[in-house]
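*Asks:* Once you've had a glance at the structure underneath, I'll fire off some questions.
Number of protein chains: 2
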Amino acid sequence: MQDKIKVAVNGYGVIGKRVADAVRAQEDMALVGVSDVIADYRIAAAAGKGIPVYASTEQALPVMADAGLPVVGGLHDLLENVDVVVDCTPAQVGAGNLELYRAHGVKSVFQGGEKHDLTGHSFVAHANYATALGRDSTRVVSCNTTATVRALTALKDVGLLSKARGVLIRRATDPWESDHSGIMNTIVPEGRIPSHQGPDAQSVVPDLDVVTMAAKGAHTQNHLHYWTIELTRPAEKQEVLEAFRAMPRIAFVRRSDGVVAVNSTVELMEDLGRPRGDMYEVALWEDILTVDGNELYYTYTVDNQAIVVPENIDAIRALTGTVDDGGESIRRTDRALGVRQDFVRSSVAAR
Amino acid sequence: MQDKIKVAVNGYGVIGKRVADAVRAQEDMALVGVSDVIADYRIAAAAGKGIPVYASTEQALPVMADAGLPVVGGLHDLLENVDVVVDCTPAQVGAGNLELYRAHGVKSVFQGGEKHDLTGHSFVAHANYATALGRDSTRVVSCNTTATVRALTALKDVGLLSKARGVLIRRATDPWESDHSGIMNTIVPEGRIPSHQGPDAQSVVPDLDVVTMAAKGAHTQNHLHYWTIELTRPAEKQEVLEAFRAMPRIAFVRRSDGVVAVNSTVELMEDLGRPRGDMYEVALWEDILTVDGNELYYTYTVDNQAIVVPENIDAIRALTGTVDDGGESIRRTDRALGVRQDFVRSSVAAR
């Protein structure tokens, strides 16, 4: 049995805290510590769970200590003891950390808020695990892009994908926020077509013919995507469903099962006992999906806080090269997290 | 000068009260009265404006009189004195009224909540005014369908439209509602693709290649549409803008003018002094619209309470045959209502 991969998480926010827990759930990984600059309930909860807490900056260390947090040391100390750091600091902040990670000889996983150029590699496990093998760093793309790539790759894998045009209705802000970014009683179109998710998906799968348009909705939970797909040939609905079924981390939902809106999936995840109600899967409506000749239409919802978590776990394995086969890494990750192929009609994990 | 067209409005709700005011604004029409079954502030407001009020049912008459409303008589009495009735009763209720209208020899305009088959004719002024001329009855299609037909007809008129695929994010419920239909903090996809608007648009323009998908958003004001259009040939953005500019009742808005979301247009309409803040136009974002080869992408917002109002006015003229030319009717209606081609950059009405 090989040694466990030693992992640090820098930035214990929406993504960081979830990645930290997911790392702790893997048999082949050890969470050495998490690092942040905050000293409030969020980081206190980490300490309360017995996770070693570090300070990301010199200034933050005394503040965190004064707040009664059991701070083990600074980020430099943490980096001395890990193989990989998952950078979950706010968008654009991460970019400033890459050199530090390199100076410590630590491989690094960044999030979708950073630019592709930072690492030169953008990651979705099923699509391009192999090209991340042994790299110094990669970037897990954003929630919307991750969902986009999963679904389009499913169709590409079976040779059905010709052209994809998507409309993304994003959540306004995260549920826990109270100070900014939220909107009420309106809907806000993004200023540019294409929105960034299309080009971003191409940073993972360059030959995708994809265009996205996006608007911000007046809700705080989950994104909703609508896709119009030109298939390479006329197909039957059953064939398309099989293609999606063959793809990890896409789970069908059905209005006939009472899953009628994005908040249905939120409640369902809680009922399934998911930590923080997290949904790692793209939840795709099987009974709304429609095929008409060579045109395919479907809609799904995306838990923006959780969908990238399993991808981060796979990215850790890819960078360290401890698992050569992406499929094997995905299976390990999904087994540990309880990822499913169907939320209602099967009571066991998917694979 | 010909006699004014004598008009009744049956159903003084969201659409009815707006149609009633719009009829009063036309030089060639006279509002003989409105009829309803309610006895509360809404109908009291009509009476307060000096609009003759009638009771739509025998049961409602004493209730309305007891509430102190100056009820002139029953719907039967009203129908004896008009040329046309605009039926704005709730969806499906209208269908039961057609025979009554016919028995009184009164022509009738129905709303989009009724089925196409009720009248055998569905109406959008620019698209098919001519085929409604002299008919016994017609049906003004719903707000979403009206906007869809206006925009697609603009492209069709100049020979640019090949195929249209739209995603419609509908408002949850009307702003004045407090008892049902509203949603909060979620977004609800419709159960079927295509949603009804695509087929409904084809009831007006049969050869449209159009598919729509729809979701209900967590806001109460205006719909937002996203369209992916396959053009008949590659085109320049300027050419597409000209096509939309040539179409009545489509007005450009721009993010650079501060119109960044659907609630911006709501505020703007109030600032322009529109009655009830009504927007009769499709508000299309000029600076988001994108053309890429033979593909066109655009987004616009629709005031679901107001957009069908000018169409109802034109439908009245078409049925009575008092104006043969649809363009002339549209100009009269739009002049009376102050319909514009641009809300910010021109201070005068469009045409």
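If you read the protein sequences in the order shown, they are chains A and Y.
Note that the first sequence covers residues 0 to 350 in numbering that gives the first Met the number 0.
Note that the second sequence covers residues 0 to 350 in numbering that gives the first Met the number 0.
Don't be surprised by glycine CBs; every beta carbon is placed ideally from N, CA and C.
Since we're looking at a predicted model, the values are computed, not measured.
Can you tell me the Cβ-Cβ gap for D135(Y) and K106(Y), rounded? I've got them flagged as a contact below 8 Å.
*Replies:* 6 Å
*Asks:* Going along the stretch 177-202 of chain A in order, which residues come within less than 9 Å of chain Y, judged by CB to CB distance?
*Replies:* I182, M183, N184, T185, I186, V187, P188, E189, G190, R191, I192 and P193
*Asks:* Based on DSSP bridge pairs, tell me the residues matched to A54(A).
*Replies:* Residue pairing from DSSP places A54(A) in a beta bridge opposite D35(A) and G73(A).
*Asks:* Looking at the structure shown, is F122(A) part of a helix, part of a strand, or coil, going by DSSP?
*Replies:* strand
*Asks:* If I'm right that V210(A) touches R164(A) with Cβ under 8 Å, what's the distance once you round it to whole angstroms?
*Replies:* 5 Å
*Asks:* So which residues of chain Y does M278(A) contact, with C-beta pairs closer than 8 Å?
*Replies:* By Cβ distance, chain Y contributes nothing, its closest Cβ being about 14 Å from M278(A), past 8 Å.
*Asks:* Using a Cβ-Cβ cutoff of less than 7 Å, which residues in the same chain neighbour T118(A) once the five nearest sequence positions on both sides are dropped?
*Replies:* Closer than 7 Å at the Cβ level, and outside the excluded window around T118(A), lie F109, S136, T137 and R138.
*Asks:* Taking only beta-carbon positions, decide if Q220(A) is within less than 8 Å of chain Y.
*Replies:* yes
*Asks:* Quick one: complete alpha helix (DSSP H) runs, 4+ long, within the stretch 261-315 of chain A?
*Replies:* 261-270
*Asks:* Please tell me whether I168(Y) has its Cβ less than 8 Å away from any Cβ of chain A.
*Replies:* yes
*Asks:* Measure the beta-carbon distance from L286(Y) to S328(Y) and round it to whole angstroms, keeping in mind my assumption that it falls under 8 Å.
*Replies:* In the sequence as presented, Leu is not what sits at residue 286(Y); that position holds Asp. D286(Y) to S328(Y), Cβ: 32 Å. No contact.
*Asks:* Starting from A94(A), trace the beta strand (DSSP E) both ways and give me its first and last residue.
*Replies:* Careful: A94(A) lies outside any beta strand (DSSP E) and carries neither H nor E.
*Asks:* Under 8 Å Cβ to Cβ from R244(A), same chain only, skipping five residues before and after it: list those, please.
*Replies:* F251 and Q340
*Asks:* Could one say the Cβ of W284(Y) lies closer than 8 Å to chain A's Cβ atoms, at least one of them?
*Replies:* yes
*Asks:* Just mark Y279(Y) as buried or exposed, buried being the case when its beta carbon has 16 or more other beta carbons within 10 Å.
*Replies:* buried
*Asks:* Determine, using beta carbons only, whether I249(A) and L283(A) come nearer to each other than 8 Å.
*Replies:* yes
*Asks:* Nearest by alpha-carbon distance to V6(Y): which of P309(Y), V81(Y) and G272(Y) is it?
*Replies:* V81(Y)
*Asks:* Answer yes or no: does any C-beta atom of chain Y fall closer than 8 Å to that of Y11(A)?
*Replies:* no
*Asks:* Report the three-state DSSP secondary structure of N221(Y) (helix, strand or coil).
*Replies:* Taken through DSSP and simplified to helix, strand or coil, N221(Y) comes out as coil.
*Asks:* With DSSP collapsed to three states, give me the class of I182(Y).
*Replies:* coil
*Asks:* Buried or exposed for W226(Y), please, with buried defined as at least 16 other CB atoms from any protein chain shown within 10 angstroms of its CB.
*Replies:* buried
*Asks:* Identify the contact partners of I287(Y) in chain A, using a Cβ-Cβ distance below 9 Å as the criterion.
*Replies:* P188, E189, G190, R191, I192 and M212
*Asks:* Grab the span of the alpha helix (DSSP H) containing M63(A) for me, first residue to last.
*Replies:* Boundaries of the alpha helix (DSSP H) harbouring M63(A): A59 to D65, taken from the DSSP string.
*Asks:* Note down the Cα distance separating D2(A) from D27(A), rounded to an integer number of angstroms.
*Replies:* 7 Å
*Asks:* From C87(Y) to R17(Y), what does the alpha carbon distance come to, in whole angstroms?
*Replies:* 10 Å
*Asks:* Can you grab the Cα-Cα spacing for the pair A349(A) / G326(A), in whole Å?
*Replies:* Model confidence at A349(A) stands at a pLDDT of 45, short of 50, so the residue's coordinates are unreliable; what they give is reported in the following sentence. Taking the straight line joining both Cα atoms gives about 13 Å.
*Asks:* Measure the beta-carbon distance from F149(A) to H222(A) and round it to whole angstroms, keeping in mind my assumption that it falls under 8 Å.
*Replies:* The question names Phe, but residue 149(A) in the sequence shown is Arg. The beta carbons of R149(A) and H222(A) sit about 13 Å from each other, so the pair does not count as a contact at 8 Å.
*Asks:* Closer than 8 Å is the cut-off here; do at least three beta carbon pairs connect the stretch 188-196 of chain A with the stretch 140-160 of chain A?
*Replies:* The answer is yes - the stretch 140-160 of chain A touches the stretch 188-196 of chain A, with three or more Cβ pairs under 8 Å.
*Asks:* Apart from the five residues just before and just after W175(Y), which ones in its own chain have a Cβ nearer than 8 Å to its Cβ?
*Replies:* V13
*Asks:* List the residues that DSSP assigns as beta-bridge partners of V84(Y).
*Replies:* Note: V84(Y) sits in a beta bridge opposite A7(Y) and S107(Y).
*Asks:* Is it buried or exposed for Q58(Y), if we count other Cβ within 10 angstroms and need 16 for buried?
*Replies:* exposed
*Asks:* With distance defined between alpha-carbon atoms, name the residue in L230(Y), A234(Y) and A213(Y) nearest to H224(Y).
*Replies:* A213(Y)
*Asks:* With DSSP run on the structure shown, which of helix, strand or coil describes F251(A)?
*Replies:* strand
*Asks:* Count the other CB atoms within 10 Å of the CB of M183(Y); is the residue buried (16 or more) or exposed (fewer)?
*Replies:* That one is exposed.
*Asks:* Using a C-beta cutoff of 8 Å, does T298(Y) count as contacting chain A?
*Replies:* yes
*Asks:* What is the DSSP secondary structure of S202(Y), counted as helix, strand or coil?
*Replies:* Here DSSP, grouped into helix, strand and coil, assigns S202(Y) to helix.
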